[in-house]
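Here is the structure we will look at, set down as structure tokens.
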Amino acid sequence: MLCFNCSDYGHTSKNCKKEAVCFNCSLQHTVEPSEGERCILDPYCKHCKGAHPATSKECPKYKKEVAIIKIQVETGVTFAEARREYEKRNQAHGLPTHAEVVGAQKRLEAIGKDNEKDNEIRLLKEEIEKLKNTAMDKNKDEVITSLRYELEQTKRLSSALMKKLRENKFAKNDSEIESDKDSSEKEGSPKQAKFAKGQAGKLQDNISSQPEKNPRRGRGRPRKTPTLEPGKFDAEMHST
1 MLCFNCSDYG HTSKNCKKEA VCFNCSLQHT VEPSEGERCI LDPYCKHCKG
51 AHPATSKECP KYKKEVAIIK IQVETGVTFA EARREYEKRN QAHGLPTHAE
101 VVGAQKRLEA IGKDNEKDNE IRLLKEEIEK LKNTAMDKNK DEVITSLRYE
151 LEQTKRLSSA LMKKLRENKF AKNDSEIESD KDSSEKEGSP KQAKFAKGQA
201 GKLQDNISSQ PEKNPRRGRG RPRKTPTLEP GKFDAEMHST
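Counting from 1, one number per residue, gives the positions in the sequence shown under the UniProt record's numbering.
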């Protein structure tokens, strides 16, 4: 016998003096299914603390009440006597009591929660590993980009240094050429003067050593030997 006011067994709603509760969540608020109302909270049984409504046929309390009523009908005894008979039969057959059933169900729920926690921990570990791998890949990309940038900078610096070395080398060669030219010009001037002076001396000796040709008779003056001044000879040499 189930009360449709407080959801307890053993009396009807007409004789109930308790506060009305919701059959779905066992809280003290009323829901009218006839008007389309429905509890949106999670199911919770006030009898066995299970995750189902208080009126569920899977509830151990409901199964016990059905078994007692069956004994009452079969033996024609009162409900209280049928309850005592039910307890004797369960103890004789080693069947679990209501408290044992409730305890076992709680343990199963705890195990289920532990399994859920284990699964959650496993998923979190997998997510952490994924994040680590993603971070490592990103770090690798950043390192590669940095190395490429440094390589380009090194190439540019090397090219600039090579260009500067070539320019310095060409400038040094030009300077050496100009220096050699100036030195040769400075060294060449005394040599040319000495050469010209030597040539003038030879020419003077040749002229002095030549004999007179066809001397004119009747003239008592000797023929003058022509001489060439060294300065004049140098001027003529330079002009030629």
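C-beta: ideal position from N, C-alpha, C; glycine also.
Exposed or buried, H47, counting other C-beta atoms within 10 Å across all chains shown (16 or more means buried)? buried
Alpha-carbon spacing of N5 relative to F79, whole angstroms: 21 angstroms
Sub-8 angstroms separation of S7 and A51 beta-carbons: Going by C-beta atoms, S7 is not nearer than 8 angstroms to A51.
Under 7 angstroms Cβ to Cβ from residue 297, same chain only, skipping five residues before and after it: list those, please. The structure shown does not extend to residue 297, since the chain is modelled only from 1 to 240, so the question has no answer here.
Can you tell which of L2, L157, S26 has the C-alpha that lies nearest to the C-alpha of N15? L2
According to DSSP, residues forming a beta bridge with L2: Y9
Excluding the 5 residues preceding and the 5 following Q105 in the sequence, name in chain order all residues of the same chain whose CB lies nearer than 8 angstroms to its CB. C48, K49, G50, P60
Buried versus exposed call for E65 [16 or more other C-beta atoms within 10 Å across all chains shown]: buried
CB of A82 within 8 angstroms of CB of Q72, strictly: A Cβ-Cβ contact shorter than 8 angstroms links A82 with Q72.
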